[in-house]
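Following: one structure in structure tokens, then a few remarks.
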Amino acid sequence: MSIDTRRIIKDGLWGNNIVFSQMLGMCPAMAVTTSGTNGLGMGLATTAVLVCANVIISSLRDFVSPQVRIPVFIVLIATLVTLVDMSLNAWMHDLYRVLGLFIALIVVNCAVLGRAESFASRNGVITSAIDGVGMGLGFTLALTAIGLIRELIGAGTLFSQASLLLGPKFAFLETTVVPDYGGVLMMILPPAGFLVLGLLLAAKQACERRAKEPSAPRAEAAIGCH
Amino acid sequence: MTHNLTLTAPPTAPHTLAANSISRIMLTVAATLAPATLYGFWLYGWPSIFLWVITVLAALFGEALCIKLAGRSVVSALSDGSALLTGWLLAISLPPWAPWWIGVLGGLFATILAKQVFGGLGFNLFNPAMVGRVFLLISFPVQMTVWVAPLPITAASAPGFHDGLLIAAHGIPSMDAVSSATLLGFAKTELSRGIDLLHSLAGTNAPGIVLSGARSGSMGETASLLILAGGMVLIFLRIISWHIPAALLAGLALPAAIAHGIDPTRYLDASSHLFSGGAMLGAFFIATDYVTSPNSRIGQLVFGAGCGFLTFVIRTWGGYPEGMAFAVLLMNAMTPVIDRYIRPRILGRDWRGAPLDPATQKGKS
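As you go down the protein sequences, you meet chains H and Z in turn. Residue 1 is where the first sequence starts when you use the working numbering, and the numbers rise one by one after that. Residue 227 is where the second sequence starts when you use the working numbering, and the numbers rise one by one after that.
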């Protein structure tokens, strides 16, 4: 069980990451990531929806006939997204003003439906919940990374307005890396979303290729041993 | 083995050797750009020379870095001259007194992200120099729109070698003293203030100024006659064909002339459009890039006309005073479509590709 849990979490965070491996949820990954805080907020909202959707769909999986599963999934996800949308509007109104438009769009984030279809409808409740956490955190990680890079180059700050999202205690996160920075306007504009995502994808590929290389001689040695 | 063979037997298809190579073409293009560039150096003085050197070096460095990462020979890749030309074209499309980091960022962006990421020479979808320029224009709108009035290097008040270094390092010390608007920018701001062109352009648009290029702008746009001459040499040497430049200039001049005829107070005349901004540089040196333009002659006419017309549209109704770079990039994106639909007729077949029957052809004629 614990090995299985670790594998599911690792899959969500790295090996099968929603943004960097499945290439799903591109709309929020491009549109919202103008700063680290926006990416983090969007990622956490999606994580909440993912975990709840996975749990509910997994517990209902024996009662939903295969013919109507997609409409049922959509109705459930839409309900959860509406809940998140209203909660954000009520308790984090400033963040809602920034992210509001995109929160409603979590409904059409293929990643949520994708996990419901490919994982939650085939696995137990606890496993599905773990998968939701892993995938959601992986998504949050990706969005925050893209957001931080764009924010750093574009405006010279990191996690600006973090206290809006996490409360005043987290004001220490807000850093101005380069004071009197003129800014690189393009990094805040949409083209840079594609640019940074492409470069991060290339970096991940290079990283995985490098990780694979030393294992090849070891496998040969193992064969030689036998 | 020896080429003496050609003396006895006429060379036929698979065995002919052309004297052209990539590096020879690139260096010829660079040579035809040199007069306009040298004239620009004289007009704008030491800061422009430093900016040119920095931009070209940055482009070469970006290219060398990627080639080295890819594990190929750096010397042979750099000696093809394409990175030099990319940096050169980018440098002469920048404001001549821009600070050094504009050149560095633009040069690196052009060769690394617009060219090598796609696979290097021959694989880039978009013209690297123009991608670099558009990146800079969108990212740094202030630095990219500060133009200086020409101050010939021989003039007493022109910055010397040392002052030029300081300007290239820190930017222009007191902007108001030297800055002035380009013709297109000036016309646009005055129009937005409600002053019509007949009043705002009185005196500034004299033919002598247009022809000598002694006005504010980038190095590649003020000396438009020298650029035109260089382009003519390229056509004469058969490095480029006349189709793209002619179609581009016509696509820009015809709508401009029609609009000017309808309402001269709102629309600039055709010669102002042709001889200001990047029109000449774009027509002869940028839109004619082999890699990013269509292959067939008719396709090239469509491509050129599209570039010219889009430039006119952006200049007239767009948010930026100059639109050549945007127009070329948009038409670069259209190039695969143009090549898909406009193909040359195959010899012995009709336009749809069906084989021609020799007997019926003879009968018809």
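We treat Cβ as the ideally placed atom computed from N, Cα and C, and that holds for glycine. Because the structure is a prediction, the values reported are computed rather than measured.
Short check: CB of residue i to CB of residue j, under 7 Å?
i, j, result
"Leu-507 (chain Z)", "Ile-540 (chain Z)", "no"
"Ala-104 (chain H)", "Asp-85 (chain H)", "yes"
"Ser-450 (chain Z)", "Trp-373 (chain Z)", "no"
"Gly-154 (chain H)", "Val-177 (chain H)", "no"
"Ala-394 (chain Z)", "Phe-276 (chain Z)", "yes"
"Gly-266 (chain Z)", "Met-445 (chain Z)", "yes"
"Asp-131 (chain H)", "Ile-8 (chain H)", "yes"
"Met-186 (chain H)", "Gly-12 (chain H)", "no"
"Phe-538 (chain Z)", "Met-557 (chain Z)", "no"
"Ile-70 (chain H)", "Ala-116 (chain H)", "no"
"Leu-410 (chain Z)", "Gly-544 (chain Z)", "no"
"His-499 (chain Z)", "Ala-482 (chain Z)", "yes"
"Leu-316 (chain Z)", "Thr-371 (chain Z)", "no"
"Gly-36 (chain H)", "Leu-148 (chain H)", "yes"
"Ile-106 (chain H)", "Thr-144 (chain H)", "no"
"Asp-583 (chain Z)", "Asn-521 (chain Z)", "no"
"Val-459 (chain Z)", "Thr-263 (chain Z)", "no"
"Leu-83 (chain H)", "Gly-41 (chain H)", "no"
"Ala-260 (chain Z)", "Leu-286 (chain Z)", "no"
Give the range of the alpha helix (DSSP H) segment to which residue i is assigned.
i, result
"Pro-481 (chain Z)", "469-488"
"Gln-265 (chain Z)", "The residue you asked about is not Gln; residue 265 (chain Z) is Tyr in the sequence shown. Per DSSP, Tyr-265 (chain Z) belongs to the alpha helix (DSSP H) from 248-270."
"Phe-349 (chain Z)", "Counting along the chain, Phe-349 (chain Z) falls outside any alpha helix (DSSP H), and DSSP gives it neither H nor E."
"Gly-132 (chain H)", "125-155"
"Arg-97 (chain H)", "93-103"
"Thr-542 (chain Z)", "523-543"
"Ser-450 (chain Z)", "450-462"
"Val-357 (chain Z)", "354-365"
"Trp-327 (chain Z)", "326-334"
"Phe-194 (chain H)", "190-212"
"Leu-44 (chain H)", "36-59"
Taking all protein chains shown into account, do 16 or more other C-beta atoms lie within 10 angstroms of the C-beta of residue i, making it buried, or fewer, making it exposed?
i, result
"Trp-577 (chain Z)", "exposed"
"His-226 (chain H)", "Confidence at His-226 (chain H) is low in this model, with a pLDDT of 38, below 50, so the placement of that residue should be treated as unreliable; the coordinate-derived value is given next. It is exposed - the Cβ of His-226 (chain H) has fewer than 16 other Cβ atoms within 10 Å."
"Ala-202 (chain H)", "exposed"
"Ala-222 (chain H)", "Confidence at Ala-222 (chain H) is low in this model, with a pLDDT of 41, below 50, so the placement of that residue is unreliable and no value is reported for it."
"Asn-246 (chain Z)", "exposed"
"Lys-341 (chain Z)", "buried"
"His-469 (chain Z)", "buried"
"Ala-531 (chain Z)", "buried"
"Asn-109 (chain H)", "buried"
"Thr-380 (chain Z)", "exposed"
"Gly-167 (chain H)", "exposed"
"Phe-63 (chain H)", "exposed"
"Ser-65 (chain H)", "exposed"
"Val-301 (chain Z)", "exposed"
"Phe-412 (chain Z)", "buried"
"Cys-52 (chain H)", "buried"
Rounded to whole angstroms, what is the Cα-Cα separation between residue i and residue j?
i, j, result
"Ile-524 (chain Z)", "Pro-376 (chain Z)", "40 Å"
"Val-98 (chain H)", "Asn-38 (chain H)", "8 Å"
"Leu-536 (chain Z)", "Ser-160 (chain H)", "39 Å"
"Gly-313 (chain Z)", "Trp-327 (chain Z)", "14 Å"
"Val-72 (chain H)", "Trp-14 (chain H)", "30 Å"
"Ala-129 (chain H)", "Ser-299 (chain Z)", "52 Å"
"Ala-485 (chain Z)", "Phe-511 (chain Z)", "27 Å"
"Ala-256 (chain Z)", "Pro-547 (chain Z)", "27 Å"
"Ala-296 (chain Z)", "Pro-325 (chain Z)", "31 Å"
"Leu-44 (chain H)", "Cys-27 (chain H)", "16 Å"
"Thr-175 (chain H)", "Ala-162 (chain H)", "10 Å"
"Gly-346 (chain Z)", "Gly-138 (chain H)", "33 Å"
"Gly-456 (chain Z)", "Gly-307 (chain Z)", "18 Å"
"Gly-589 (chain Z)", "Ala-473 (chain Z)", "Any reading at Gly-589 (chain Z) needs caution, since the residue's pLDDT is 49, under 50, leaving its predicted position unreliable; the model's value is listed next. Their backbone Cα atoms lie some 38 Å apart in a straight line."
"Asn-350 (chain Z)", "Leu-480 (chain Z)", "31 Å"
"Leu-189 (chain H)", "Met-550 (chain Z)", "21 Å"
"Leu-555 (chain Z)", "Phe-352 (chain Z)", "6 Å"
"Phe-462 (chain Z)", "Phe-501 (chain Z)", "21 Å"
"Ile-248 (chain Z)", "Val-360 (chain Z)", "26 Å"
"Val-330 (chain Z)", "Ile-364 (chain Z)", "16 Å"
"Leu-88 (chain H)", "Phe-102 (chain H)", "12 Å"
"Leu-60 (chain H)", "Gly-124 (chain H)", "10 Å"
"Thr-254 (chain Z)", "Gln-526 (chain Z)", "22 Å"
"Arg-218 (chain H)", "Gly-390 (chain Z)", "Low confidence applies to Arg-218 (chain H): its pLDDT is 47, below 50, so where it sits in the model is not reliable enough to give any reading."
"Pro-179 (chain H)", "Arg-150 (chain H)", "16 Å"
"Ser-497 (chain Z)", "Ala-505 (chain Z)", "11 Å"
Contacting positions in the stretch 366-391 of chain Z - beta carbon closer than 9 Å to chain H:
For the stretch 366-391 of chain Z, the set of residues with a beta-carbon nearer than 9 Å to any beta-carbon of chain H comprises Phe-366, Pro-367, Val-368 and Gln-369, in chain order.
Proximal residues, the stretch 7-40 of chain H versus chain Z, C-beta separation under 7 Å
none
Taking any Cβ of chain H, which residues in the stretch 552-584 of chain Z have a Cβ under 8 Å from it, in chain order?
none
Can you list, in chain order, the residues of the stretch 55-77 of chain H whose Cβ is nearer than 7 Å to any Cβ on chain Z?
Residues passing the 7 Å Cβ filter: none.
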